[in-house]
Amino acid sequence: MDKILVIEDDIHISGMLCELLGQNGYAPVAAYSGTEALLCLPQGGFCLVLLDLMLPGKSGEEVLAEIRSESSVPVIVLTAKTDKETVAHLLRSGADDYVAKPFDNNELLARIDVQLRRVVHGVSPKTELRHKDMTLDLDSFDAFINGNRAGLSKREFEILELMMSHPNKVFTKNNLYESVWGGEFLGDDNTINVHISKLRGKLHEISPDAEYIKTVWGIGFKMGE
């Protein structure tokens with residue numbers, strides 16, 4: 010089922026959008042601020058983003074810029090501003106389309122369908138991530154080193170997927186917990202440490218001489234160079 014990220018701070022509009030998408034075969038994920046949206050995005054798997062411009066925290070324009078720095082996922086902007094100058098700026102900034110508020114449900118669904126058909130007939134979605142001699146298979150939810158399966162748990166896979174999607178980024182424990190577990194990090198280092206330790210152990214068992222996950226002391230973790 011295609012996942013769509015709905016970035017909308019109005020709880021009633023967000024609820025309506027999520028209900029509409031769910032009724033039409035999509036799997037909506039709601040974010041109510043720009044900051045929350047940027048925590049959701051690294052989880053991956055989104056086929057499209059619906060983005061409101063007027064957001065608390067980071068603005069819709071800032072979120073769009075960050076999305077475009079990391080991903081080519083289609084973005085449809087929901088906006089009450091429909092003057093030509095604003096629309097032109099949005100499209101130049103990386104939006105794929107826009108829908109004026111208040112919007113017609115059928116028009117929105119049609120525009121979503123158009124963007125998803127463009128993706129299907131364009132570049133095929135990624136089915137694997139690579140780092141050094143390790144491959145993360147996004148279909149089987151497991152990692153392979155020189156053809157040897159690691160046997161990852163769901164959380165271990167999600168941690169590795171997040172880190173391999175951004176191999177140069179240092180992830181704090183807060184980043185990892187909020188992105189993988191989806192809740193607020195309350196300082197429980199043990200949860201993160203145990204999963205990182207088990208993940209390292211499984212990779213080390215296959216390739217003892219390689220460092221796939223590096224500790225950046227005082228900050229967090231990143232992919233080994």
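In this note's numbering, each number is its position in the sequence shown, counted from 1, plus 9.
A virtual CB, placed ideally from N, CA and C, is assigned to each residue, including glycine.
Computed from a prediction, not measured in an experiment: that's the story for all the values here.
Rounded to whole angstroms, the separation of the alpha carbons of SER78 and HIS140 is 20 Å.
Excluding five sequence positions before and after MET232, the CB atoms of its chain that fall closer than 6 Å to its own CB belong to HIS140, MET172, PRO176, given in chain order. VAL72 places its beta carbon less than 8 Å from that of ILE16. Inter-residue distance for PRO111 and GLU94 is about 19 Å (C-alpha atoms, whole angstroms). The beta carbons of LEU87 and VAL108 sit about 6 Å from each other, so the pair counts as a contact at 8 Å. Spatial neighbours of LEU26 in its own chain (CB-CB distance under 6 Å, excluding positions within 5 residues in sequence) are listed in chain order as VAL15. The beta carbons of VAL84 and GLY103 sit about 7 Å from each other, so the pair counts as a contact at 8 Å. LEU161 sits in coil when the DSSP states are folded into three classes, being neither helix nor strand.
In this structure, ASP61 lies away from ALA36, with their beta-carbon atoms at least 8 Å apart.
CYS56 sits away from LEU147, with the two beta carbons spaced by 8 Å or more. Annotated as distal: PHE150 and GLY229, with beta-carbon spacing of 8 Å or more. Look at the stretch 59-146 and you find these whole runs of alpha helix (DSSP H), each 4 residues long or longer: 69-79, 93-101, 114-129. For ILE205, the secondary structure class from DSSP, reduced to helix, strand or coil, is helix.
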